[in-house]
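Here the sequence shown is numbered in my numbering, starting from 86 and rising by one per residue.
Glycine included, C-beta positions come from ideal geometry on N, C-alpha and C.
Below is one structure, written out as structure tokens; the observations come after it.
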Amino acid sequence: PFDDLPKYDIVMRAWALDEPLVAEQVERVDRERYEYIKSLFAEMGFTGNDLEMRTMVFQAYHSVSPALFGSIFEENRFKNEKIRHQFFIQKIDEDIKPY
């Protein structure tokens with residue numbers, strides 16, 4: 086199923102460390118994912134640093150959570166879906182500046 090795809094992310098990234106051709110493809114896929122996710126958040130009205138950070142966190146979370154959290158991720162994947170949704174769509178105070 087589609088939900089199992091993130092488990093391959095870690096494997097591909099490990100392989101890419103030793104294989105330049107694989108690294109190129111991982112970079113290409115990362116960039117495509119990033120741009121697509123960013124476009125969705127931009128459509129929701131996010132801009133600037135908020136848009137960039139939200140995109141990076143969303144992509145990282147969905148790429149490595151199953152490998153990083155294992156059974157904890159599986160147990161809570163659907164239970165916390167509304168919380169994750171709210172987290173990613175809430176607006177952040179514009180006065181917060183990056184370091």
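Within the same chain, no Cβ atom closer than 6 Å to the Cβ of Glu109 is found once the five residues on either side in sequence are excluded. With three or more CB-CB distances shorter than 8 Å, the stretch 108 to 127 counts as touching the stretch 137 to 156. Annotated three-state conformation of Asn134 is helix, per DSSP. Between Asp103 and Ser148, the C-beta spacing is not below 8 Å.
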